[in-house]
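Trainee:
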Amino acid sequence: MVNSLFLLSIQTVKAFLPRMMEMDHGHIVTIAGSLGLFATACMADYSASKFAVVGFHEALSHQLKAKRINGVKTTLVCPYLVDTGMFTGCRIRRELDALLSPLKPDDCVKTAMKGILNNQPTICIPRVMYFAVILKHLLPWDVQVLVHKFLGIDKCMHPFIRQREAKRHLVATGR
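Below is the structure:
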């Protein structure tokens, strides 16, 4: 199942892109999240939708370059977990909280806007996520699995899932 918001985004780009290309001016910003760059356990459907967003963005960016449309810029924004309440309880190893704690929405927006205004093609927030993306492409699969286990990425959704199941149980039992 494809996310309807994603389909709306594609239709919006299709509606505005021809005129942007005619004018050779504009900026298309795609928000995907870090799970569009690498996946984690218990998030197959969510990651798949984010990977689709990244694929759409990359194809669009290549299309513009192939047509030598240099005035229409593209920026892919991939923040780590943003503290919006959507994934409350999700966490990696506690020892890494200082390095990768949930991001404040305002800080994400400020970082993204700075990158967009500077025509940065990809914005990973925090910057350490660039390193994670590079490692994904350099390390063999078995080593990636070990890194996920060491960092606690393989179980980061477990607290969130337990909380969600507890809420469902309360609703089902009428408490």
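Okay, so the sequence shown: first residue is 2 according to the numbering used here, each after it adds one. Glycine included, C-beta positions come from ideal geometry on N, C-alpha and C. From a predicted model like this one, the values you see are computed outputs, not experimental measurements.
(1) Look at the Cβ atom of glycine 153, then the Cβ atom of arginine 94, and state whether they are nearer than 7 angstroms.
(2) Does lysine 51 pass the burial test, meaning 16 or more other C-beta atoms within 10 Å, or should it be called exposed?
(3) I need the DSSP call for histidine 26, collapsed to helix, strand or coil.
(4) Determine the DSSP secondary structure at proline 19, reduced to helix, strand or coil.
(5) How would you label arginine 176, buried or exposed, when you count the other beta carbons within 10 angstroms and need 16 or more for buried?
(6) If you reduce the DSSP assignment to three classes, tell me which class proline 80 lands in.
(7) What residues in its chain sit with their C-beta under 7 angstroms from that of valine 54, if we drop five residues either side in the sequence?
(8) Can you give the Cα-Cα distance for alanine 167 and alanine 45, rounded to whole angstroms?
(9) Whose C-alpha, out of Pro19, His63, Pro80, is nearest the C-alpha of isoleucine 124?
(10) Could you name each continuous beta strand (DSSP E) segment of 3 residues or more that falls completely within the segment 23-66, going from the start of the chain to the end?
(11) Contact check, proline 103 vs valine 129 under 8 angstroms by CB: the rounded distance?
(12) At what residues does the beta strand (DSSP E) containing threonine 123 begin and finish?
(13) Just verifying my parser: in three-state terms, what is the DSSP assignment at threonine 89?
(14) Applying the criterion that 16 or more other CB atoms from any shown protein chain within 10 Å of the CB defines a buried residue, is histidine 58 buried or exposed?
(15) For proline 19 versus glycine 90, is the C-beta distance shorter than 7 angstroms?
(16) To the nearest angstrom, how far is it from the Cα of histidine 138 to the Cα of glutamate 96?
(17) To the nearest angstrom, how far is the alpha carbon of valine 146 from that of leucine 77?
Mentor: Working from what's here:
(1) The residue you call residue 153 lines up with position 152 of the sequence shown. The residue you call residue 94 lines up with position 93 of the sequence shown. Yes, the pair counts as a contact, with Cβ atoms nearer than the cut-off.
(2) What you label residue 51 is simply residue 50 of the sequence shown in a count that begins at 1. It counts as buried.
(3) On the sequence shown, position 25 is the one that residue 26 refers to. It is coil, neither helix nor strand.
(4) In the sequence shown, residue 19 corresponds to position 18, counting from 1. In the structure shown, proline 19 sits in a helix (DSSP, three-state: H, G or I).
(5) Counted from its first residue, the sequence shown places residue 176 at position 175. Arginine 176 comes out exposed.
(6) Locating residue 80 in the sequence shown gives position 79, where the first residue counts as 1. Residue state, collapsed to three classes: strand.
(7) On the sequence shown, residue 54 is found 53 positions in, with the first residue counted as 1. Answer for valine 54: Phe7, Thr31, Ala33, Gly37, listed in chain order.
(8) Here residue 167 corresponds to residue number 166 of the sequence shown, with the count starting at 1. Here residue 45 corresponds to residue number 44 of the sequence shown, with the count starting at 1. Answer to the nearest angstrom: the Cα atoms are 21 angstroms apart.
(9) By 1-based counting over the sequence shown, the position of residue 124 is 123. Ranking Pro19, His63, Pro80 by Cα distance to isoleucine 124 puts Pro80 first.
(10) 27-32
(11) Walking along the sequence shown from the start, residue 103 turns up at place 102. Walking along the sequence shown from the start, residue 129 turns up at place 128. With 8 angstroms as the limit, proline 103 and valine 129 do not qualify as a contact, their Cβ atoms being about 14 angstroms apart.
(12) Along the sequence shown, one-based indexing puts residue 123 at 122. Its beta strand (DSSP E) spans residues 123-126.
(13) Mapped onto the sequence shown, residue 89 falls at position 88. Correct three-state label for threonine 89: coil.
(14) Translated into positions along the sequence shown, residue 58 becomes position 57. Burial call: buried.
(15) Here the question's residue 19 lines up with position 18 in the sequence shown. Here the question's residue 90 lines up with position 89 in the sequence shown. Result no, Cβ atoms of proline 19 and glycine 90 do not sit closer than 7 angstroms.
(16) Mapped onto the sequence shown, residue 138 falls at position 137. Mapped onto the sequence shown, residue 96 falls at position 95. Roughly 25 angstroms between the two C-alpha positions.
(17) As a working note, residue 146 is residue 145 in the sequence shown. As a working note, residue 77 is residue 76 in the sequence shown. Taking the straight line joining both Cα atoms gives about 26 angstroms.
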